[in-house]
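S.K.: Please read through the structure below; I'll follow up with questions.
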């Protein structure tokens with residue numbers, strides 16, 4: 234290789250950090266700002282996801298699913314064991330008719346008993362009416 238180009242020198246010039254051209258500083262600084270802005274956007278996105286997940290976990294929506302009215306500041310909320318929220322009066326009236334959550338149809342009393350006790354619930358299965366007449 235040295236025989237092909239005997240009169241050329243392939244050495245890098247000895248330039249110190251202080252002697253770099255201005256455009257190199259601009260590129261490095263611009264890249265740093267770009268990375269910083271991307272990291273801020275990513276952090277904001279993660280905070281928003283966490284807030285949305287927290288909101289969905291407790292399922293506090295703006296409207297009561299029983300009466301379809303909006304929640305107000307002074308309304309008393311009734312919260313099922315499955316974390317769905319309703320007006321307290323609406324939930325009591327609903328549970329007098331049906332013993333399940335208005336949104337997910339999970340048995341409310343059964344969930345409350347499971348949350349209160351540590352032992353697994355024993356399902357009670359009653360025989361169907363008229364089963365004693367079968368041969």
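In the numbering used here, the protein residues as written are 234 to 368.
A virtual CB, placed ideally from N, CA and C, is assigned to each residue, including glycine.
Computed from a predicted model, the values in this text were never measured in an experiment.
Determine the DSSP secondary structure at residue 310, reduced to helix, strand or coil.
M.R.: Strand at residue 310.
S.K.: I need the DSSP call for residue 298, collapsed to helix, strand or coil.
M.R.: Three-state DSSP puts residue 298 in coil, outside helix and strand.
S.K.: Starting from residue 320, trace the beta strand (DSSP E) both ways and give me its first and last residue.
M.R.: Looking at the DSSP string, the run of the beta strand (DSSP E) that includes residue 320 is 318–320.
S.K.: Roughly how many angstroms separate the alpha carbons of residue 314 and residue 285, rounded to a whole number?
M.R.: Cα-Cα distance, rounded: 20 angstroms.
S.K.: Which residues share a DSSP beta bridge with residue 333?
M.R.: BP columns for residue 333 point to 340.
S.K.: Going straight from the alpha carbon of residue 278 to that of residue 241, what length do you get?
M.R.: Roughly 54 angstroms separates the two Cα atoms.
S.K.: Ordered along the chain, which non-local residues of its own chain (more than five positions away) have a Cβ less than 7 angstroms from that of residue 333?
M.R.: Counting only Cβ-Cβ distances below 7 angstroms, and skipping sequence neighbours, we find 339, 340, 341.
S.K.: Could you tell me which of 262, 252, 318 sits nearest to residue 298, measuring between CA atoms?
M.R.: Cα-wise, what sits closest to residue 298 is 318.
S.K.: Buried or exposed for residue 263, please, with buried defined as at least 16 other CB atoms from any protein chain shown within 10 angstroms of its CB.
M.R.: Exposed, because fewer than 16 other Cβ atoms sit within 10 Å of the Cβ of residue 263.
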